[in-house]
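Q:
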Amino acid sequence: MNEYITSTSGKHVRIWGTFAPSVGGTVNKSVSIQHWANFEANPLYDFVNNGYDVLNSGDYIYTVGKWSQWYSFELSLEFLFHGSPDGSAFAPNIFDRENSTNNAARDSPSLLGHIAPQWNDYGPNATTVTEGYYQWRDGLPALADKQWGGEVAEADYQGLFSALQPFAPGQNLDRRIASKGPTIVEYDFQQTRGSNGTAVEDLSGNDYHAISTCAMSEEGAILTPACRITTPLVQKGRNYTLSFSIKPTSDAKGAIFGGGDSGLWSGNGTVDAVMLFSGESTGRQTFLDIGDGEPMEFLTVLGWNGDRFVWAPIAVEAPLATVGGSGFEGVIGGMKLVGNA
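Under the working numbering, residues 381 to 721 are what the sequence shown spells out, in order.
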């Protein structure tokens, strides 16, 4: 395979560092090795010293979404700032944080660099894309600094990160919404009167006024598949509390709220349960609180290697772009979003 790929495409082949020469491996030395675990091979003595090029992706820094028996859910700042045997910062030549004799020279020409893998080991029901972002959010700048030989000190890092992260250009992965106070948006559909095209005032003072094509009643906006309420917002990330009063008027299933990466549905297909799709909320968890009842947590079920199932939290952004318009039938009296949970 290596000969064919190299000769036909001009590209190079890389394999996992599992088949070391010490256990009978006879891989051509034009194939580079991606080291991942010291229990599989000693990357210095098995590969570098035998003429192989090595990419370091040691499992000290692995993250696994949602649940794992062995690995962390987030990048370890402790490892990044103290991952060398002498307690100093990690660098790409560090294969073994305990024994310095197992580490390559920092300027070794056989060292290709470093990768920090993020794994979704337990299927598509395990981790949303936005949860994957939060696994790396707080540690990624520190990782990049150490991968490229930077010298940012641990004592300075949190201050630098807090000051600079909100201003990273071209993105809003935190799903932030500007607000003058703790209440981000509030609508009272019971007090709003009018016909199709009625503007709904935002009572928070932030001027996030909505447009409704739904009929209004003394109870609130009447949601049908033929109408919807549209806001100027899309979604809100961690942390938030979204409160609303709603009364279904039929068994029809559909979205109550939708926007961005997530949605809150009353049933879907043959399922009658209240359902959330994608996203995030109070840290890693999302709760539903109805009236005077006990709060209920939304959870996901993970299949563990065909052996058993594991329950784990799931985080969902507040979907804010639309209310109704997707099959659900009922009356919504009002809604309020605050920026804490």
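Here a beta-carbon is modelled for each residue, glycine too, at the ideal position from N, C-alpha and C.
(1) Any idea what DSSP makes of Trp516, helix, strand or coil?
(2) Tell me the start and end of each unbroken beta strand (DSSP E) in the region 406–471 that is at least 3 residues and wholly inside, in chain order.
(3) So who's on the other strand from Gln615, going by DSSP bridges?
(4) For the beta strand (DSSP E) containing Leu491, list its first residue and its last residue.
(5) Could you tell me the distance, in whole angstroms, from the CA atom of Leu540 to the CA atom of Asp631?
(6) How would you write the range of the alpha helix (DSSP H) that Ile636 sits in, first residue to last?
(7) Using beta-carbon positions only, say whether Ser592 and Ile609 come within less than 7 Å of one another.
(8) The beta strand (DSSP E) with Thr621 in it runs from where to where?
(9) Could you spell out where the alpha helix (DSSP H) holding Leu544 opens and where it closes?
(10) Look at the alpha carbon of Ser559 and the alpha carbon of Pro549, and state the distance between them as a whole number of angstroms.
(11) What's the C-alpha gap between Pro699 and Ile385?
(12) Among residues of its own chain, excluding the 5 on either side of Tyr440, which ones have a beta-carbon nearer than 7 Å to its beta-carbon?
(13) Ignore the nearest five residues each way along the sequence and tell me which others in Trp684's own chain have a CB closer than 6 Å to its CB.
(14) The beta strand (DSSP E) with Thr398 in it runs from where to where?
(15) Based on DSSP bridge pairs, tell me the residues matched to Leu688.
(16) For Cys607, collect the residues of the same chain with a Cβ closer than 7 Å to its Cβ; drop the 5 residues on either side in sequence, then sort them by chain order.
(17) Pick helix, strand or coil for Lys391, following the three-state DSSP scheme.
(18) Helix, strand or coil for Phe708, going by three-state DSSP, please let me know.
(19) Once the 5 residues before and after Ala417 are set aside, which same chain residues still bring their CB inside 6 Å of it?
(20) For Glu599 versus Leu583, is the C-beta spacing smaller than 7 Å?
(21) Who are the Cβ neighbours of Leu424 in its own chain at under 7 Å, not counting the five residues just before and after it?
(22) Kindly indicate the opening and closing residues of the beta strand (DSSP E) around Leu583.
A: Looking at the coordinates:
(1) In the structure shown, Trp516 sits in a helix (DSSP, three-state: H, G or I).
(2) The qualifying runs are 412–415, 434–436.
(3) Answer is Pro699, bridged to Gln615.
(4) For Leu491, the uninterrupted beta strand (DSSP E) run begins and ends at 491–494, by DSSP.
(5) Here the alpha carbon of Leu540 sits roughly 52 Å from the alpha carbon of Asp631.
(6) Run containing Ile636: none in the alpha helix (DSSP H); it sits in the beta strand (DSSP E), 634–639.
(7) In this structure, Ser592 sits near Ile609, with a CB-CB distance shorter than 7 Å.
(8) In the DSSP assignment, Thr621 falls within the unbroken beta strand (DSSP E) covering 621–628.
(9) Unbroken alpha helix (DSSP H) run through Leu544: 534–544.
(10) Going from the Cα of Ser559 to the Cα of Pro549 covers about 20 Å.
(11) Distance from the CA of Pro699 to the CA of Ile385, rounded to the nearest whole angstrom, comes to 46 Å.
(12) Closer than 7 Å at Cβ, skipping near neighbours: Phe459, Gly463, Arg477.
(13) Excluding positions up to five away in sequence, the list reads Val690.
(14) Thr398: not part of any beta strand (DSSP E); DSSP gives it neither H nor E.
(15) Position check: residue 688 holds Arg in this sequence, whereas Leu was assumed. Beta-bridge pairing links Arg688 to Trp684.
(16) Hits under 7 Å: Thr593, Cys594, Gly704, Gly705.
(17) Looking at Lys391 - three-state DSSP - the assignment turns out to be coil, as it is neither helix nor strand.
(18) Under the three-state reduction of DSSP output, Phe708 falls in the coil class, being neither helix nor strand.
(19) Excluding positions up to five away in sequence, the list reads Asp439.
(20) No; because the gap between Cβ atoms is not below 7 Å, this pair is not in contact.
(21) Phe475, Asn482, Asn483, Ala484.
(22) Unbroken run through Leu583: none, as it is neither H nor E.
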